[in-house]
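Protein chains in written order, with my numbering: chain A, 18 to 256; chain B, 15 to 621; chain C, 685 to 791. Cβ atoms here follow ideal geometry from the backbone N, Cα and C, with glycine treated the same way. Heads up: the structure comes next, in structure tokens.
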Amino acid sequence: MSETTTLTNVKTGTWGGGKSPFSISYGKLMMWIFLLSDAFTFSSLLVAYGFIRHSYASNLVTPWPSPDHVFNHFPFLHGVHLPLMFVSLMTFILIFSSVTMVLAVEAGHRMAKKEVGMYMFLTILGGIGFLSCQAWEWTQFITGTHEGRMLADGSIFHGANLQMNQYGPTPFGDLFFIVTGFHGFHVLSGVVINIIIYLNVLGGTYEKRGHYEMVEKVGLYWHFVDLVWVFVFTFYYLI
Amino acid sequence: MSNQNLNQDNHGHSDDHGHHKETFISKYVFSMDHKMIAKQFLITGIIMGTLGMAMSMIFRLQLAFPDMKFPFFEGIMGHWGKDGKLDPNFYLALITIHGTIMVFYVLTAGLSGTFSNLLIPLQVGARDMASPFLNMLSYWFFFLSSCVLVSSLFVDGGPASAGWTIYPPLSALPKAIPGSGTGMTLWLVAIILFIASALLGGVNYITTVLNMRTLGMKMTRLPLTIWAFLVTAVLGLLSFPVLLGAGLLLIFDRSFGTSFYLADIPADMAGGIERVGGSPILFQHLFWFLGHPEVYIILLPALGITSEVIATNSRKPIFGYRAMIGSILAIAVLSFIVWGHHMFITGMNPFLGSVFVLGTLIIAVPSAVKTFNYIATLWKGNLQLTPAMLFAIGLVSFFISGGLTGLFLGNAALDINLHDTYFVVAHFHIVMGSAAIFGMMSGIYHWFPKMFGRMMNKSLGYAHFWLTFISAYCVFFPMHFMGLAGVPRRYYANTAYDQFSTFVDMNVFITIAALIGGAAQLLFLFNFFYSIRKGKKATQNPWNSNTLEWTAPVKHLHGNWPGDIPHVYRWPYDYSKPGSEVDFIPQNIPEEGQTDPLQEMASQHNH
Amino acid sequence: MHIEEHLEHTEPPKDMKKQIWKTFWILFALTVVDIAVYFQLMEYHSGYKNALFIILGVVKAYFIVGIFMHMKFEKKWLPYLIIVPMIFVMYLITLMVIEGNYTSFLR
């Protein structure tokens with residue numbers, strides 16, 4: 018084994034082979050690459066959103082609605098015009114759950130099992146909180162407001178479904194459902210994976226393994242979900 | 015204990031390979047060994063390819079003899095071939111499924127799936143893929159996807175019939191044409207499974223090449239095959255997700271009444287729901303953002319294989335190794351920014367059209383670099399005309415003649431005339447279809463001894479090559495003239511137009527050539543399956559090649575090398591090195607005075 | 685040894701906890717800026733406002749990827765590997781926005 022020590026003392030080139038040029042394990046590299054491709058999936062949905070929204074740029078008959086006339090509700094505050102407040106709350110919840118996640122990763126480096134478990138638990142709570150908020154927001158979006166929209170035949174349409182909505186052109190509702198829905202699906206799967214990892218942490222799987230890299234990997238995924246939300250928030254609610 | 019053994023230990027591939035019992039299921043079915051997965055990909059690909067080719071024979075017969083009846087049509091296609099007449103709707107289904115099978119199932123999974131799996135761990139010097147489990151999953155997603163696609167042939171209304179590009183509204187409205195119903199749904203399911211397979215594979219290939227190279231295997235010592243597979247995997251990884259997004263929206267349009275791709279469709283035509291506000295052009299953009307890189311996902315592995323086969327069989331170093339890498343990278347980057355040249359006449363923004371023309375024509379530069387390098391490698395080489403070598407040279411021929419017509423089609427103005435004519439069919443069948451198939455064949459003949467431990471029959475190989483080569487040119491070359499005269503593609507018959515009657519004889523000629531070409535593939539199939547069982551036993555390095563896979567024993571081991579993984583001391587193209595006694599020096603032979611790659615690097619650092 | 689090697693490089697800086705909370709407050713502040721700009725300029729529609737929102741989004745993304753996802757502490761090649769391909773997304777989005785406007789013009 019003395020040979021090993023002498024050889025590792027030699028500084029090998031980054032790309033010389035025999036080791037990872039990024040000094041990360043294959044699992045983490047895979048997660049990064051997967052996230053890169055997932056970013057392209059989300060981008061394709063946002064591209065569709067950009068294309069269709071801009072194709073309404075000069076449409077005066079059914080203009081693209083301004084978000085502050087659609088997303089202006091807050092739970093328990095019925096009838097109060099509070100644009101953007103609820104979705105900001107959701108953003109904070111998600112950012113906060115990202116913080117607890119990264120704290121769990123940090124605790125994992127110190128092999129502090131109890132802390133990892135606690136922070137993972139908080140992260141899961143944050144995820145569930147976000148999903149609950151989204152459920153409320155979807156409900157609000159689907160039921161719609163009292164005014165609704167007058168249709169050609171004189172009847173009044175309330176809320177939204179995939180075929181029609183009271184707020185604006187059909188693709189507005191469709192894109193809302195698909196973009197936030199696809200993101201919500203990612204959050205949901207993130208929560209499920211987090212729960213599995215949390216149970217493993219409690220069971221001492223990573224304690225035995227000697228490192229908490231698995232927590233880091235799901236952490237990457239969780240932050241990615243947060244990252245996507247930043248752009249969904251920007252493009253769907255702010256602009 | 016060397017570095018990489020520990021590296022492998024990390025995911026359960028220690029040196030104790032062979033100790034655990036392998037059952038039939040774990041060895042041949044749910045195998046996690048990259049060599050077995052490669053064989054699975056190859057054989058599935060060959061079966062799908064045979065199916066796709068059989069379809070082309072049927073619609074070629076229809077095109078050549080539109081008035082004739084073929085009683086066996088009824089036998090193989092049931093009511094779609096009633097009284098020996100091919101149903102027009104089924105003609106559309108056949109060309110759609112032929113395209114889908116050939117593009118995705120044969121030339122993506124069958125080509126890059128097979129050879130990436132076989133060669134990446136062997137040529138970079140790894141015990142297996144980074145994650146053998148995901149690798150297995152990748153194959154089984156592909157298998158499932160193949161099953162779904164094949165099953166769509168048997169559903170009511172027939173399989174998808176909107177062309178392999180599935181443009182809406184034909185694909186978005188289930189009632190549009192018979193094939194838009196269940197068949198289209200199954201097509202989308204199949205493709206989504208296929209994307210899952212491609213992504214799992216791609217993640218694995220990239221990670222393996224970057225993270226698991228053996229000691230001394232610098233990026234500039236990688237065989238060009240590996241470079242091609244790496245870049246292919248990157249292309250797939252970045253472009254398939256966009257098709258996934260596009261397909262998701264299409265499924266919503268089909269099944270849930272949304273209007274992403276539908277503009278102004280009255281309710282009675284769209285399942286009772288009026289569709290307004292979407293844009294079919296959006297789908298085309300998203301589709302071709304995948305579709306154009308897909309061309310290179312198909313082509314690059316074939317070009318990589320060709321580089322390797324040509325260098326080995328010319329007994330010369332590949333000409334311009336770094337230029338080759340550079341051109342692969344340039345093609346990859348350009349392939350992402352030129353997708354719109356498939357859409358010049360859709361009514362997209364003409365300004366964007368000119369951007370796409372510019373990018374498209376620039377692709378000619380790296381492509382020309384590659385062909386020039388191939389020819390320069392062949393120049394004055396000690397040519398070993400094995401079947402693999404012939405197929406590789408055939409690829410170069412197709413790449414040139416098909417690439418030249420690409421220059422015509424890449425011009426927006428010329429494309430107005432040529433779009434959707436047989437000129438396009440001729441172009442992509444030569445440059446993408448034939449060239450990639452030839453690359454694949456070249457790879458099969460070259461690495462058959464590595465895969466199955468036996469040699470393929472040479473004489474049958476020569477017969478296969480010449481018949482395929484000549485018939486491929488006979489099929490696709492005349493199509494250029496038909497296209498220039500304006501004969502549209504995807505038409506069931508051209509009998510309705512007088513001006514196309516001059517092409518009746520040409521169509522017959524093409525069909526006869528196609529039938530001969532098809533028959534030649536039977537030779538290959540026989541040769542392939544016969545040689546697996548009865549071929550001549552292969553030696554360890556039958557082609558006197560330099561790359562690492564030939565340093566592994568003929569008999570497959572789980573873990574590839576019986577002892578330590580070989581270290582690498584040189585680039586893979588040291589053929590006929592001046593001053594050397596032998597005409598090839600494998601990569602694991604040290605240069606004079608070298609004992610370990612680590613020492614070499616240490617001395618570089620001291621400089 | 686392989687594992688040790690990898691931990692050696694992904695070991696966060698000593699004051700990681702502090703950095704995490706700092707990043708949290710930065711993200712919090714940026715989101716508050718988002719909201720403030722949104723309410724202040726509600727009736728003002730222009731490309732500049734949208735550009736501001738996008739820039740704020742990208743800055744947030746930088747902090748999430750850099751600190752939370754550890755990108756800042758990885759070896760330099762990983763950022764290249766992951767960030768450079770995003771150029772293609774930007775290209776696609778730019779072209780599709782142009783194309784969307786053109787569609788609007790045609791209608």
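Please report the straight-line C-alpha distance between residue i and residue j, rounded to a whole angstrom.
| i | j | result |
| --- | --- | --- |
| Ile414/B | Tyr119/B | 25 Å |
| Gly197/B | Gly171/B | 7 Å |
| Pro556/B | Gln398/B | 12 Å |
| Met726/C | Pro84/A | 10 Å |
| Glu606/B | Ser594/B | 11 Å |
| Phe442/B | Leu75/B | 21 Å |
| Ser45/B | Gly215/B | 15 Å |
| Phe405/B | Ile458/B | 10 Å |
| Val245/A | Ala745/C | 9 Å |
| Asp429/B | Phe350/B | 20 Å |
| Tyr775/C | Phe254/B | 17 Å |
| Phe79/B | Asp519/B | 10 Å |
Alpha helix (DSSP H) containing residue i: first to last residue?
| i | result |
| --- | --- |
| Leu432/B | 426 to 432 |
| Lys10/B | Any answer about residue 10/B is impossible in this case: the structure gives chain B only from 15 up to 621. |
| Met48/A | 43 to 71 |
| Gly367/B | 364 to 392 |
| Ile342/B | 335 to 349 |
| Arg547/B | 518 to 548 |
| Pro315/B | 294 to 328 |
| Tyr786/C | 770 to 790 |
| Asn734/C | 731 to 747 |
| Asn225/B | 196 to 225 |
| Asn178/A | Asn178/A -> no alpha helix (DSSP H), and no H or E assigned at all. |
| His126/A | 102 to 126 |
| Pro135/B | 128 to 138 |
| Ile212/A | 187 to 220 |
| Arg141/B | It is not in any alpha helix (DSSP H) - Arg141/B carries neither H nor E in the DSSP assignment. |
What residues in its chain sit with their C-beta under 8 Å from that of residue i, if we drop five residues either side in the sequence?
| i | result |
| --- | --- |
| Arg504/B | Leu106, Ile109, Gly177, Asp434 |
| Asn17/B | Note that Asn17/B scores a pLDDT of 39, beneath 50, so its modelled location is shaky and nothing firm can be said. |
Can you give me the Cβ contacts of residue i inside the same chain, cut-off strictly under 6 Å, excluding the 5 residues immediately before and after it?
| i | result |
| --- | --- |
| Met493/B | Tyr436, Val439, Ala440 |
| Leu168/A | Phe174 |
| Asp718/C | Leu740 |
| Pro380/B | Ser341, Ala344, Ile345 |
| Phe59/A | Val245 |
| His25/B | Only weak support is given to the placement of His25/B: the predicted model assigns it a pLDDT of 41, under 50, and the question is left unresolved by the model. |
| Thr509/B | Pro80 |
| Leu236/B | none |
One question on the structure: do residue i and residue j come within less than 9 Å of each other, judged by their Cβ atoms?
| i | j | result |
| --- | --- | --- |
| Leu99/A | Phe91/A | yes |
| Phe189/A | Pro82/A | yes |
| Tyr587/B | Ile332/B | yes |
| Pro763/C | Leu53/A | no |
| Ala390/B | Gly417/B | no |
| Asn131/B | Pro38/A | no |
| Thr246/B | Tyr310/B | yes |
| Gly784/C | Arg166/A | no |
| Ser293/B | Thr787/C | yes |
| Lys464/B | Ala552/B | yes |
| Tyr229/A | Val218/A | yes |
Using a Cβ-Cβ cut-off of 7 Å (strictly less than) and excluding sequence neighbours within five positions of residue i, which residues of its own chain qualify?
| i | result |
| --- | --- |
| Trp241/B | Gly318, Ile339, Ile342 |
| Tyr153/B | Ile51, Gln54, Phe55 |
| Met67/B | Gly532, Gln535 |
| Ile782/C | none |
Exercise for the section: Using a Cβ-Cβ cut-off of less than 9 Å, list which residues of the stretch 251 to 262 of chain B approach chain A; keep chain order. Expected result: Legend: CB atoms of the stretch 251 to 262 of chain B lying less than 9 Å from CB atoms of chain A belong to residues Leu251, Leu252, Ser253, Phe254, Pro255, Val256, Leu257, Leu258, Gly259, Ala260, Leu262.
Problem - Under 9 Å (Cβ pairs) to chain A, residues found in the stretch 226 to 245 of chain B - result: Residues of the stretch 226 to 245 of chain B with a Cβ closer than 9 Å to any Cβ of chain A, in chain order: Met226, Arg227, Thr228, Leu229, Gly230, Met231, Lys232, Met233, Thr234, Arg235.
Exercise for the section: Compile a chain-ordered list of the residues in the stretch 58 to 76 of chain A whose CB is closer than 8 Å to at least one CB of chain B. Expected result: Only Thr58, Phe59, Ser60, Ser61, Leu62, Val64, Ala65, Phe68, Ile69, Ser72, Tyr73 from the stretch 58 to 76 of chain A bring a Cβ to less than 8 Å from some Cβ of chain B.
Practice task
Taking a Cβ distance cut-off of 7 Å, strictly less, list which residues of the stretch 773 to 788 of chain C are near chain B, in chain order.
Solution key: Contact annotation: in the stretch 773 to 788 of chain C, residues whose CB is within less than 7 Å of a CB in chain B are Tyr775, Leu776, Leu779, Met780, Ile782, Glu783, Tyr786, Thr787.
Problem - Cβ-based contacts, 8 Å cut-off: residues of the stretch 294 to 313 of chain B near chain C - result: From the stretch 294 to 313 of chain B, only Ile295, Leu296, His299, Phe303 have a Cβ closer than 8 Å to chain C.
Practice task
Mind checking the stretch 273 to 287 of chain B against chain A and listing, in chain order, the residues whose C-beta falls within less than 7 Å of any C-beta there?
Solution key: Those residues of the stretch 273 to 287 of chain B that come within reach of chain A (Cβ to Cβ, closer than 7 Å) are Ser273, Phe274, Ile287.
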